[in-house]
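Accompanying notes for the structure given below.
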Amino acid sequence: MHYYQVIYRIQKNHGPYSGGSIRHPHMLIVGLNHYDYRSQVKEMDFEGITIDRGRGVECNLSTHPRAGFFEYNVILTDWDQLARMAEYLQILAHWILNHVNRRCLSYNFFFYRWGDKLIAKAVPRFVTSPLYIGYSIPQVANNLDDMVTEMKHLYF
Numbered sequence: 002m003h004y005y006q007v008i009y010r011i012q013k014n015h016g017p018y019s020g021g022s023i024r025h026p027h028m029l030i031v032g033l034n035h036y037d038y039r040s041q042v043k044e045m046d047f048e049g050i051t052i053d054r055g056r057g058v059e060c061n062l063s064t065h066p067r068a069g070f071f072e073y074n075v076i077l078t079d080w081d082q083l084a085r086m087a088e089y090l091q092i093l094a095h096w097i098l099n100h101v102n103r104r105c106l107s108y109n110f111f112f113y114r115w116g117d118k119l120i121a122k123a124v125p126r127f128v129t130s131p132l133y134i135g136y137s138i139p140q141v142a143n144n145l146d147d148m149v150t151e152m153k154h155l156y157f
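Put into structure tokens, the structure is as follows:
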């Protein structure tokens, strides 16, 4: 009998550009028997400019996006603050669909168990940049501080 550690990848898809195969918003749990997605993830993927922080949970705008432009991280270190994490994700969904870009109709939430943390990455979705597809080069916006200021003004 062989034992395989199953790594679970959880994500939420919303909108026509989310990459989902089902039209309505939905979540996926994918068991990966022979692949550990964490080998492609780095600590800096979750670093960013703080938008809001409470006891045991932080919301930030990524300074090192995995795919490009704007990505948001919610980092939970105190599991008693799971409800606050959910509130941050609701705010990010609203922000992405209403303020990031008038043409933005889609997003993904990706969830990571990262040491003792639970991290959610919220990613607005558009047609993917050819620089990213061809060369794995994410484009980073030059107005990150402005985005954080506007989010704080609207939500915090």
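For the sequence shown, my numbering gives the first residue as 2, with consecutive numbering after it.
C-beta: ideal position from N, C-alpha, C; glycine also.
Spanning the alpha carbons of F110 and S137 requires a straight line of approximately 20 angstroms. For T51, the pairing in a beta bridge is given by DSSP as N61.
Put simply, of R103, M86, H35 the residue whose alpha carbon is nearest the alpha carbon of F112 is M86. The way I'd put it, the region 99-109 doesn't touch the region 35-50; fewer than three beta-carbon pairs between them come closer than 8 angstroms.
Taking the C-beta atoms as reference points, E44 is found no nearer than 8 angstroms to V124. In the DSSP assignment, Y113 falls within the beta strand (DSSP E) that extends over 107-115.
The continuous alpha helix (DSSP H) containing I92 extends over residues 83-96.
For the beta strand (DSSP E) assignment, the uninterrupted runs of no fewer than 3 residues enclosed by the region 112-154 are, from N- to C-terminal side, 118-126. The beta-bridge partner set that DSSP reports for V75 consists of C60, A121.
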